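Going by this note's numbering, the first residue of the sequence shown is number 103, and it counts up by one from there. Just so it is clear, CB atoms sit at the ideal spot from N, CA and C, and this is done for glycine as well. Here the structure is a predicted model, which is why all the values come from computation and not from measurement. Here's the structure we're looking at; comments come further down.
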Amino acid sequence: MTSASYLCGSMHSDHAELTAAIAALRDGHLVGLPTETVYGLAANALNAVAVARIFEAKKRPHFDPLIVHIGKRSDVDLVAREVPPVAEVFMNAFWPGPLTLVLPKQPAIPDLVTSGLDSVAIRMPQHPVALELLQALDFPLAAPSANPFGYVSPTTRQHVLDQLANEVALVLEGGSCSVGVESTILSFSEGQPMVLRLGGISLEALEAVHGRPIPTQLSSSQPHAPGQLASHYAPARAIRLVAHGEECPAPGAPFLRFYQKEQPEWSLSADGTTGSAATRLFGVLRRLDEEPDGPEVWIEKAPEAGLGRAINDRLVRAAHRV
Ligand code: AMP
Ligand code: MG
Numbered sequence: 103m104t105s106a107s108y109l110c111g112s113m114h115s116d117h118a119e120l121t122a123a124i125a126a127l128r129d130g131h132l133v134g135l136p137t138e139t140v141y142g143l144a145a146n147a148l149n150a151v152a153v154a155r156i157f158e159a160k161k162r163p164h165f166d167p168l169i170v171h172i173g174k175r176s177d178v179d180l181v182a183r184e185v186p187p188v189a190e191v192f193m194n195a196f197w198p199g200p201l202t203l204v205l206p207k208q209p210a211i212p213d214l215v216t217s218g219l220d221s222v223a224i225r226m227p228q229h230p231v232a233l234e235l236l237q238a239l240d241f242p243l244a245a246p247s248a249n250p251f252g253y254v255s256p257t258t259r260q261h262v263l264d265q266l267a268n269e270v271a272l273v274l275e276g277g278s279c280s281v282g283v284e285s286t287i288l289s290f291s292e293g294q295p296m297v298l299r300l301g302g303i304s305l306e307a308l309e310a311v312h313g314r315p316i317p318t319q320l321s322s323s324q325p326h327a328p329g330q331l332a333s334h335y336a337p338a339r340a341i342r343l344v345a346h347g348e349e350c351p352a353p354g355a356p357f358l359r360f361y362q363k364e365q366p367e368w369s370l371s372a373d374g375t376t377g378s379a380a381t382r383l384f385g386v387l388r389r390l391d392e393e394p395d396g397p398e399v400w401i402e403k404a405p406e407a408g409l410g411r412a413i414n415d416r417l418v419r420a421a422h423r424v
């Protein structure tokens, strides 16, 4: 598409950029959207032609449904035809924020958005630019991560421009994503929650609200979500993993530790927390790809708790070779 008429090019999403984004989305074009998880590739969720452009731009298979983003709680009813009481509890606890809920779909949502499923994934993001845009629109936004399908997700405006500049009318500036990994996805069958993807809300936090253990279904054989595919979030550079706390078995090989105070540039986390590692993860994977044919890199996994689980899930898929 020709995008010149919408391009603004300033460093911050000011009023003019927001106005341009609204106009572009109304016209059925794609806009790069900062959220607290990763940058999204957004289109009018009620416009099947606009949504089709997302799949084309990402080269995303049509069997992979999209998340629909809303700016206020009352908009849930435009997207979902029914909200089970247990889902309300999670909305109250975590919205706006990095939690996606899979609910029965309203007929107004095109089948393309949900890949023909009778359910739809919904989220209210927390990022102020995303919220401001969503609240200014009179339609929800379908928005997967703004990267070619299967590649590392974008956490800065520049990451989006590096790969999809020709596909979008503009990319709103929203700084670096504070969470850095995608939303946690929760589905409900027979009123019981089940985690389909680990992400920005930890399993522990969900279980604390639910008051009981919550099962997970993160398999890669029959994916319900692209993030469940065995190879995903994958850089071109070869990656090998070691368990948290272990040494690199290949002497002299590049080794990215989870955290080492003396060498922050060779650490996933800047301060030893999993929160920092999540924020930095995709940026680090993209940096490794600046040398795609460089030697295999060894990466120490995060501790398997809290956000560490979501990080390790991404690392395992990033390291998987098909
Ligand atoms: P992305 O935005 O690219 O991180 O991916 C959005 C995620 O939501 C994908 O993993 C989708 O498969 C998942 N998703 C969207 N709709 C549904 C649905 N109806 N049931 C299960 N998962 C869904
Ligand atoms: Mg994605």
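- Note that the C-beta distance between residue 259 and residue 273 is below 7 Å.
- Taking 7 Å as the cut-off, the Cβ atoms of residue 387 and residue 399 do not count as close.
- No Cβ-Cβ contact shorter than 7 Å links residue 303 with residue 343.
- According to the DSSP assignment, residue 377 belongs to the alpha helix (DSSP H) that extends over 376 to 390.
- For residue 203, the enclosing beta strand (DSSP E) has its first and last residue at 201 to 206.
- By the 16-neighbour rule on beta-carbons within 10 angstroms, residue 246 is buried.
- Annotation: residue 204 to residue 159 spans about 24 Å, alpha carbon to alpha carbon.
- Not one heavy atom of ligand 2 falls within 6 Å of the beta-carbon of residue 285.
- The shortest CA-to-CA distance from residue 249 to any of 234, 236, 241 and 265 is the one to 265.
- Using a 10 angstroms sphere on the CB of residue 165, the tally of other CB atoms stays under 16, which defines it as exposed.
- Under the three-state reduction of DSSP output, residue 357 falls in the strand class.
- If you ignore the 5 residues before and after residue 155, its C-beta comes within less than 7 Å of the C-beta of 132 and 145, all in its own chain and listed in chain order.
- Residue 294: member of the beta strand (DSSP E) spanning 294 to 299, first to last residue.
- The Cβ neighbour count for residue 237, taken over all protein chains shown within 10 Å, is under 16; the residue is labelled exposed.
- Residue 134 sits in a strand when the DSSP states are folded into three classes.
- The C-beta of residue 217 has fewer than 16 other C-beta atoms within 10 Å across all chains shown, which makes the residue exposed.
- If you draw a straight line from the Cα of residue 406 to the Cα of residue 244, it is about 31 Å long.
- Only residues of its own chain outside the window of five on either side were considered, and among them 206 and 207 have a CB closer than 7 Å to the CB of residue 220, listed in chain order.
- The beta carbons of residue 172 and residue 202 sit about 11 Å from each other, so the pair does not count as a contact at 8 Å.
- Rounded to the nearest whole angstrom, the CA to CA distance from residue 285 to residue 147 is 18 Å.
- From the listed residues 137, 234, 170 and 194, the smallest Cα separation to residue 117 is found for 234.
- Residue range 142 to 146 is occupied by the beta strand (DSSP E) that includes residue 142.
- Minimum Cα-Cα distance from residue 137 among the listed residues 227, 178 and 213 corresponds to 227.
- Each of 119, 210 and 335 was checked against the Cα of residue 251, and the nearest Cα belongs to 335.
- Annotation for residue 342: the continuous beta strand (DSSP E) segment containing it runs 341 to 344.
- Distances from the CB of residue 176 to the heavy atoms of ligand 2 are all 6 Å or more.
- Burial of residue 403 is indicated by the presence of at least 16 other C-beta atoms within 10 angstroms of its C-beta.
- Distance from the C-beta of residue 246 to the nearest heavy atom of ligand 2 is below 6 Å.
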